Structure formats: C-alpha cells, structure tokens
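Taking my numbering, the leading residue of the sequence shown gets 51, the next gets one more, and so forth.
Where a beta carbon is used, it is the ideal one built from N, C-alpha and C, also for glycine.
These numbers come from a predicted model, not from an experiment.
Beneath this line is the structure, given in structure tokens, with notes to follow.
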Amino acid sequence: MEIWINPACSKCRSAIDLLDAEGAAYTVRRYLEDVPTEEEIRAVLARLGLEPWDITRTGEATAKELGLKEWARDEDSRGRWIAALAQHPKLIQRPIITADDGTAVVGRTDEAVRDAIGRT
51 MEIWINPACS KCRSAIDLLD AEGAAYTVRR YLEDVPTEEE IRAVLARLGL
101 EPWDITRTGE ATAKELGLKE WARDEDSRGR WIAALAQHPK LIQRPIITAD
151 DGTAVVGRTD EAVRDAIGRT
C-alpha cells in the first residue's frame, strides 16, 4: 500500500495516524516532492475509478489562475486535466491510498482509510 501525502495537510496526517494505529504496512510518497508523472496519474485514476477533475483541488490558487472551473469535463479534455495535475501537483486531492488489491481510495475520512486497509 502506498499513500500520497502532503505533510502539511491535516487529512494526510490523520490518515497516517490511522494507518499506524491499525498496524498497516505502507510506504509514503510526498507527491509534491516526488511528483507523479502523467502516466502514474492515469494509473491512479483507473484504480480510483475517477476522472482527473474528480481529484482536482479547484479551490487552490493555481486552479483559479488556470481557470480550471471553466475547463470542459469530457474525454477530449481529459489529457489537459492530467497534464495540469502533473505540472501542478498541489492540485491533486490528498491523501490518495493505493491498496494492495489494485484499487485506490481518496483517504479524506477514517472510513475511506479503513476501506483501503481492508483491501490488502
């Protein structure tokens, strides 16, 4: 199991605390420093069963600068969204936990983190 985190994020810290409390085996990826490639983002989206706009933090200043709220949310625009996430990783929702069974969750709640733990 791998968890993509921003150490400054309280949801990420809570997820790590819960993983530790549950004795889960995991590796940490500080995705702002170890930026995911477009291909890695595509793979995580497939595991999540989501689209790039579903994991985009549209309230971030960078999102406003890019005008993301105005971008089309369709198959033709998917690559543009993925490129934006790879170029501006702060836009990626966090934490993302990739489970050992090939799925993933956005671990913003204790329930979601426990769900990921249960998928091992």
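Rounded C-alpha distance that separates residue i from residue j
{"i": "residue 128", "j": "residue 96", "result": "13 Å"}
{"i": "residue 138", "j": "residue 132", "result": "10 Å"}
{"i": "residue 153", "j": "residue 146", "result": "11 Å"}
{"i": "residue 174", "j": "residue 73", "result": "Because the chain spans 51 through 170 in this model, residue 174 falls outside it and cannot be assessed."}
{"i": "residue 115", "j": "residue 109", "result": "10 Å"}
{"i": "residue 167", "j": "residue 123", "result": "31 Å"}
{"i": "residue 71", "j": "residue 82", "result": "25 Å"}
{"i": "residue 69", "j": "residue 56", "result": "16 Å"}
{"i": "residue 148", "j": "residue 162", "result": "12 Å"}
{"i": "residue 64", "j": "residue 84", "result": "21 Å"}
{"i": "residue 101", "j": "residue 80", "result": "22 Å"}
{"i": "residue 67", "j": "residue 140", "result": "22 Å"}
Buried or exposed by the 16-neighbour rule on C-beta atoms within 10 Å, applied to residue i
{"i": "residue 170", "result": "exposed"}
{"i": "residue 87", "result": "exposed"}
{"i": "residue 144", "result": "buried"}
{"i": "residue 77", "result": "exposed"}
{"i": "residue 75", "result": "exposed"}
{"i": "residue 58", "result": "exposed"}
{"i": "residue 136", "result": "buried"}
Top-ranked residue by Cα proximity to residue i, from the options
{"i": "residue 171", "options": "98, 91, 73", "result": "With the chain covering 51 to 170 only, the question about residue 171 has no answer from this structure."}
{"i": "residue 125", "options": "107, 110, 103", "result": "103"}
{"i": "residue 107", "options": "67, 69, 142", "result": "142"}
{"i": "residue 90", "options": "120, 112, 160, 54", "result": "54"}
Cutoff 6 Å; reference residue i; Cβ partners in own chain excluding five residues on either side
{"i": "residue 61", "result": "158"}
{"i": "residue 118", "result": "108"}
Close beta carbons around residue i, own chain, < 8 Å, minus the five adjacent residues each side
{"i": "residue 92", "result": "132"}
Close beta carbons around residue i, own chain, < 7 Å, minus the five adjacent residues each side
{"i": "residue 120", "result": "none"}
Extract the residue ranges of the beta strand (DSSP E) inside the segment 94-130, only unbroken runs of 3 or more that lie entirely within it.
none
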